[in-house]
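Student: Going by the UniProt record's numbering, the letters in the sequence shown line up with residues 189 to 415, in that order.
Don't be surprised by glycine CBs; every beta carbon is placed ideally from N, CA and C.
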Amino acid sequence: QFDEMVYVDKLTMVSEMAASFAHEIRNPITTVRGFIQLLQTSTKDEQLQQFAPLILEELDRANKIITDYLQLAKPNDFRVRPIDLHHVLRDCVQLIQPLGAFANVAVEWDRHGECRVLGDEQYLKQSLLNIMKNAIEAIEGSGVVKISTEAHSQRNVVKVIIEDNGKGMTEEELKKIGLPYYTTKSKGTGLGSMISNRLIREMGGTIHYTSQLGKGTRVEITLPLVK
Ligand code: ADP
Ligand code: MG
189 QFDEMVYVDK LTMVSEMAAS FAHEIRNPIT TVRGFIQLLQ TSTKDEQLQQ
239 FAPLILEELD RANKIITDYL QLAKPNDFRV RPIDLHHVLR DCVQLIQPLG
289 AFANVAVEWD RHGECRVLGD EQYLKQSLLN IMKNAIEAIE GSGVVKISTE
339 AHSQRNVVKV IIEDNGKGMT EEELKKIGLP YYTTKSKGTG LGSMISNRLI
389 REMGGTIHYT SQLGKGTRVE ITLPLVK
C-alpha cells in the first residue's frame, strides 16, 4: 500500500536538506575540476593523463545531481499565478528541439488550444523539460515526441500530453517512476521525474503515466485552468 502523505513529507525533507548543502558543495567541485583540467594539459604523468577524464566525468556527475536538486530546492521563490501555457510550451519546445534533432527525434507540438493555467512559470518549464527530455531519451534510433493540450472546462483543468514512441516501460518500471534515484540510464540521476512530479503537485496539478513496452509512453499533466 502506497502512503501518499508519508511520501510527500519525505520529499519535502529531502529538498530542504538539499537546499542547505547544494550551493556549498558546488563551489569546491568547480575549483577541483579547474585544477584537474589544468593538470591534465600540463602533466607528463601518464597515470594522471589516463585518469583525468574519469575524474572529470565523476565530478560532472556530482554536479548534475546537484543541479537537479537545486531545481527542486527553492520553495521560497515558488509563485503560482495565471500564466500563458502557449508561451511556456513554445519556450520548452524551442529549448528541447536541438536535443531532439541531435537524437534523431522530431518534437512536434500541436499549437491549437491556447489557454491560461495557474502555475509557476519557471518551475512548470523545468518540469515539462524534464519530461520531454525523458521522452527523447526513451527513443532508440529515430522517433517522434508529440506535445498537445486539451482544455476541460467542466473539470476546470488543462491537460498537457507528452507522448513518445520510444521503448516504453513494464508495469513494474512504471511504478518506480518518480522514486528518488530510480534510473535505468548509465548516466541518469533518477531525480528528474521526482522533481517534475513534486513541482506539478505543488502547483495543484496532477501527473499520470501510461506506457506500453516497445510502443511508447504517454504522460498526462493536468493544471488548474484559468477562465
Ligand atoms: P533519469 O532520466 O535521470 O533516469 P528520471 O527520474 O527522469 O531519471 O527517470 C527515471 C526513469 O524512468 C528513467 O531512467 C527511465 O527508465 C524511466 N522513464 C522516464 N520517462 C520515460 C519515458 N518517456 N519512456 C520510458 N522510460 C521512461
Ligand atoms: Mg530524466
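Could you check whether residue 327 and residue 354 sit closer than 8 Å to each other, using their CB atoms as the reference points?
Tutor: yes
Student: Note down, in chain order, each residue of its chain lying with its Cβ closer than 6 Å to the Cβ of residue 319, except the 5 sequence neighbours on either side.
Tutor: 350, 384 and 407
Student: Alpha carbon to alpha carbon, how far is residue 415 from residue 279?
Tutor: 22 Å
Student: Closer than 7 Å to a non-hydrogen atom of the ligand ADP - does that hold for the CB of residue 353?
Tutor: no
Student: In whole angstroms, give me the CA-to-CA distance for residue 391 and residue 363.
Tutor: Rounded to the nearest angstrom, the two C-alpha atoms are 22 Å apart.
Student: Between residue 424 and residue 336, what straight-line distance do the alpha-carbon atoms span, to the nearest angstrom?
Tutor: The displayed coordinates of the chain run from 189 to 415. Any statement about residue 424 would go beyond what the structure contains.
Student: From this set, 211, 405, 209 and 248, which residue's C-alpha is nearest residue 222's C-alpha?
Tutor: Among 211, 405, 209 and 248, the Cα nearest to that of residue 222 belongs to 248.
Student: Specify, as a first and last residue, the run of the beta strand (DSSP E) that residue 396 falls within.
Tutor: 394-400
Student: Do residue 311 and the ligand ADP come close, with the Cβ less than 7 Å from some heavy atom?
Tutor: Incorrect: residue 311 has no Cβ contact closer than 7 Å to the ligand ADP.
Student: Rounded to whole angstroms, what is the Cα-Cα separation between residue 303 and residue 275?
Tutor: 10 Å
Student: Please list, in chain order, all residues of the same chain as residue 189 whose beta carbon is under 7 Å from its beta carbon, the five residues on each side excluded.
Tutor: Because residue 189 sits at a pLDDT of 49, beneath the cut-off of 50, its placement in the model cannot be relied upon, and the following sentence gives the value as read from the coordinates. Taken in chain order, the list of residues that qualify is empty.
Student: What residues does the ligand MG have around it, judged by CB closer than 5 Å to any heavy atom, in chain order?
Tutor: 322 and 380
Student: Below 8 Å between beta carbons: does that hold for residue 411 and residue 333?
Tutor: Cβ atoms of residue 411 and residue 333: not closer than 8 Å.
Student: Are the C-beta atoms of residue 399 and some chain B residue less than 8 Å apart?
Tutor: The displayed structure is made up of one protein chain only, and chain B is not part of it.
Student: Mind listing, in chain order, the continuous beta strand (DSSP E) runs of no fewer than 3 residues lying wholly within the region 267-353?
Tutor: Whole beta strand (DSSP E) segments, 3+ residues: 269-272, 293-297, 304-307, 331-340 and 345-352.
Student: Measuring CB to CB, does residue 376 end up less than 8 Å from residue 352?
Tutor: no
Student: Grab the span of the beta strand (DSSP E) containing residue 379 for me, first residue to last.
Tutor: Where residue 379 is concerned, there is no enclosing beta strand (DSSP E), because DSSP gives it neither an H nor an E.
Student: From what residue to what residue does the alpha helix (DSSP H) around residue 362 run?
Tutor: 359-364 is the span of the alpha helix (DSSP H), which, as asked, contains residue 362.
Student: Since residue 367 is in the beta strand (DSSP E), which residue starts that stretch and which ends it?
Tutor: Boundaries for residue 367: no beta strand (DSSP E) harbours it, and the DSSP string shows neither H nor E there.
Student: How is the beta strand (DSSP E) around residue 404 delimited, first residue to last?
Tutor: 404-414
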